[in-house]
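K.L.:
I have a structure here, written as structure tokens, and I will follow up with some questions on it.
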Amino acid sequence: MQPSIFPPETREAFAAAYPARPVKLTHGLLGHPLLTLDALARLAEALPEHEIEYNPGTLPIGIRPEDVPKSDLTVTETIRSIGQAGSWVALKRIEKVPAYRELLHEVLGQLRDIVEPRTGQMMQLEGFIFITSPGSVTPFHFDPEHNILLQVMGHKTMTLFPVEDEAMFSAEIHERYHLGLHHRNLSWYDAYAEKGSAIHIGPGEAIHVPVKAPHWVQNGDEPSVSLSITWRSDWSYAEADARAFNHMLRKIGLSPASPAPFPARNLAKALAWRAVRKLKGAA
Ligand SMILES: [Fe+2]
67 MQPSIFPPET
77 REAFAAAYPA
87 RPVKLTHGLL
97 GHPLLTLDAL
107 ARLAEALPEH
117 EIEYNPGTLP
127 IGIRPEDVPK
137 SDLTVTETIR
147 SIGQAGSWVA
157 LKRIEKVPAY
167 RELLHEVLGQ
177 LRDIVEPRTG
187 QMMQLEGFIF
197 ITSPGSVTPF
207 HFDPEHNILL
217 QVMGHKTMTL
227 FPVEDEAMFS
237 AEIHERYHLG
247 LHHRNLSWYD
257 AYAEKGSAIH
267 IGPGEAIHVP
277 VKAPHWVQNG
287 DEPSVSLSIT
297 WRSDWSYAEA
307 DARAFNHMLR
317 KIGLSPASPA
327 PFPARNLAKA
337 LAWRAVRKLK
347 GAA
């Protein structure tokens with residue numbers, strides 16, 4: 067058993083916010099040997115190729131000819147030269163490498179006693195690492211998982227928006243999202259800006275990002291490394307399935323009520339959708 071990764075005041079803050087509200091937290095993973103740039107370059111070599119997305123970046127103005135990198139930087143080279151403008155690397159499902167799986171399970175295991183009494187069993191534990199050059203932006207989107215974003219190197223500002231605001235995203239967008247019919251990035255309108263709240267994090271700090279809370283991210287002016295630890299739950303699966311069931315009702319001309327926010331469990335519609343899915347599978 068490792069020493070506590072989350073100090074008592076962070077556990078308290080997380081317990082007060084989970085699962086519905088974003089909150090700033092702190093963590094004790096700084097200096098962890100699996101999270102140095104060298105270790106992450108080795109992780110990139112160990113992960114299956116399809117779990118890696120990267121952009122080697124653009125060259126700065128006025129670079130000396132001898133400093134021009136090869137045009138086809140590998141992911142490992144990109145990680146080692148992450149200060150270069152416009153470059154970024156996303157290492158996905160890091161739990162496919164045993165040492166990282168252990169780390170992910172250890173970190174999430176320390177929050178299990180807060181999470182499971184509220185949203186049920188923690189399932190589909192997945193970890194992602196984002197290595198980004200100064201100034202990069204992650205566009206406006208939402209994610210289906212419970213998520214804590216832990217900052218390891220550099221700074222970033224995440225601006226989060228209310229989950230339940232259907233003036234921003236209609237029930238139909240939620241439904242299509244869960245059926246895989248909607249693009250990950252969401253449309254942005256300047257009028258949304260006033261509804262957002264920004265949370266700034268640096269090394270040793272973290273953000274709890276509620277399921278499907280829309281957000282966008284601005285990196286600071288130095289390279290950034292963040293670890294995202296995610297999980298699904300009985301509650302998040304039920305919300306997703308209730309949305310899918312509503313989509314079916316809408317197709318036959320009804321206007322179903324949207325799933326109610328936590329602590330509602332949306333079980334009736336979720337069970338109905340699971341029955342429909344079973345019938346479809348049997349057909
Ligand atoms: Fe995200």
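Quick note, the numbering used here runs 66 ahead of the 1-based positions in the sequence shown.
We put the beta carbon where it would ideally sit given N, CA and C, even for glycine.
Starting from TYR120, trace the alpha helix (DSSP H) both ways and give me its first and last residue.
P.N.:
Start at 1 with the first residue of the sequence shown, and residue 120 comes out as number 54. Segment 118 to 121 is the beta strand (DSSP E) holding TYR120; no alpha helix (DSSP H) there.
K.L.:
By Cβ distance below 7 Å, which residues in the same chain neighbour LEU191 in space, the five residues on each side in sequence not counted?
P.N.:
Taking the first residue of the sequence shown as 1, we reach residue 191 at position 125. Excluding residues within five positions, the ones whose Cβ falls inside 7 Å are GLU161, LEU170, HIS171, LEU174, TRP297.
K.L.:
With a cut-off of 8 Å, do at least 3 Cβ pairs link the region 286 to 297 to the region 224 to 236?
P.N.:
Taking 8 Å as the limit for Cβ pairs, the verdict is that the region 224 to 236 does not touch the region 286 to 297.
K.L.:
Am I right that GLY286 and LYS222 are in contact with their C-beta atoms under 8 Å? What's the rounded C-beta distance?
P.N.:
The residue given as residue 286 occupies position 220 in the sequence shown. The residue given as residue 222 occupies position 156 in the sequence shown. About 6 Å; that satisfies the 8 Å criterion.
K.L.:
Quick check: the Cα distance between TYR255 and ILE214, rounded to an integer number of angstroms?
P.N.:
For the purposes of this step, residue 255 is taken as residue 189 along the sequence shown, with counting starting at 1. For the purposes of this step, residue 214 is taken as residue 148 along the sequence shown, with counting starting at 1. C-alpha separation (whole angstroms): 26 Å.
K.L.:
When the Cα atoms are used, what is the spatial distance from MET189 to GLN176?
P.N.:
Here residue 189 refers to the residue found at position 123 when the sequence shown is read from its first residue. Here residue 176 refers to the residue found at position 110 when the sequence shown is read from its first residue. The alpha-carbon atoms of MET189 and GLN176 are separated by roughly 15 Å.
K.L.:
Would you give the residue range spanned by the alpha helix (DSSP H) that ILE239 belongs to?
P.N.:
Here residue 239 refers to the residue found at position 173 of the sequence shown. Where ILE239 is concerned, the enclosing alpha helix (DSSP H) stretches over 237 to 244.
K.L.:
If LYS278 and PRO210 are in contact, beta carbons under 8 Å, what's the gap, nearest whole angstrom?
P.N.:
Within the sequence shown, numbered from 1, the residue matching residue 278 stands at position 212. Within the sequence shown, numbered from 1, the residue matching residue 210 stands at position 144. Yes, they are in contact, since the Cβ atoms of LYS278 and PRO210 sit about 6 Å apart, within 8 Å.
K.L.:
Please classify ILE231: is it buried, with 16 or more other beta-carbons within 10 angstroms of its beta-carbon, or exposed?
P.N.:
Here residue 231 is taken as the residue at index 165 of the sequence shown, counted from 1. The sequence as given places Asp at residue 231; Ile does not occur at that position. ASP231 should be labelled exposed.
K.L.:
Roughly how many whole angstroms lie between the Cα atoms of SER299 and ASP179?
P.N.:
The residue given as residue 299 occupies position 233 in the sequence shown. The residue given as residue 179 occupies position 113 in the sequence shown. Roughly 14 Å between the two C-alpha positions.
K.L.:
Could you tell me the alpha carbon to alpha carbon distance between PHE194 and GLU168, rounded to whole angstroms?
P.N.:
Taking the first residue of the sequence shown as 1, we reach residue 194 at position 128. Taking the first residue of the sequence shown as 1, we reach residue 168 at position 102. Approximately 14 Å, taken between the alpha carbons.
K.L.:
May I ask which residues mark the beginning and end of the beta strand (DSSP E) holding ILE197?
P.N.:
Counted from its first residue, the sequence shown places residue 197 at position 131. Counting along the chain, the beta strand (DSSP E) containing ILE197 begins and ends at 188 to 198.
K.L.:
Looking at C-alpha atoms only, which residue of HIS240, TYR84, LEU96, LEU245 is the closest neighbour of ALA425?
P.N.:
There is simply no residue 425 to check, as the chain begins at 67 and stops at 349 in what is shown.
K.L.:
Using a threshold of 6 Å, is the CB atom of ASP209 nearer than that to any non-hydrogen atom of ligand 1?
P.N.:
For this step, residue 209 is matched to residue 143 along the sequence shown. It does: the Cβ of ASP209 is within 6 Å (strictly closer) of some heavy atom of ligand 1.
K.L.:
Please return the same chain residues whose Cβ sits closer than 7 Å to the Cβ of GLU182, not counting the five positions on each side in sequence.
P.N.:
What you label residue 182 is simply residue 116 of the sequence shown in a count that begins at 1. Counting only Cβ-Cβ distances below 7 Å, and skipping sequence neighbours, we find MET188.
K.L.:
Using DSSP with H/G/I as helix, E/B as strand and the rest coil, what is MET314?
P.N.:
Counted from its first residue, the sequence shown places residue 314 at position 248. Helix at MET314.
K.L.:
Just how far apart, CA to CA, sit ALA112 and TYR166?
P.N.:
By 1-based counting over the sequence shown, the position of residue 112 is 46. By 1-based counting over the sequence shown, the position of residue 166 is 100. Roughly 11 Å separates the two Cα atoms.
K.L.:
Would SER153 be called buried (16 or more neighbouring beta carbons within 10 Å of its own) or exposed?
P.N.:
The residue you call residue 153 lines up with position 87 of the sequence shown. Answer is buried; the Cβ neighbour count reaches 16.
K.L.:
Applying the criterion that 16 or more other CB atoms from any shown protein chain within 10 Å of the CB defines a buried residue, is ARG343 buried or exposed?
P.N.:
Along the sequence shown, read from residue 1 onward, the residue named residue 343 stands at position 277. Exposed, since its Cβ has fewer than 16 Cβ neighbours within 10 Å.
K.L.:
Check ARG298 in the structure and name its three-state DSSP category.
P.N.:
The residue labelled residue 298 in the question sits at position 232 within the sequence shown. Here ARG298 sits in strand by DSSP.
K.L.:
What three-state label does DSSP hand LEU333 in the structure shown?
P.N.:
Here residue 333 corresponds to residue number 267 of the sequence shown, with the count starting at 1. Three-state DSSP puts LEU333 in a helix.
K.L.:
Mind checking which residues open and close the alpha helix (DSSP H) that includes LEU106?
P.N.:
In the sequence shown, counting from the first residue as 1, residue 106 sits at position 40. Residues 103 to 112.
K.L.:
Do you know offhand how far TYR258's Cα is from PHE206's?
P.N.:
As a first step, residue 258 must be located in the sequence shown, where it is residue number 192. As a first step, residue 206 must be located in the sequence shown, where it is residue number 140. Approximately 11 Å between the Cα atoms of the pair.
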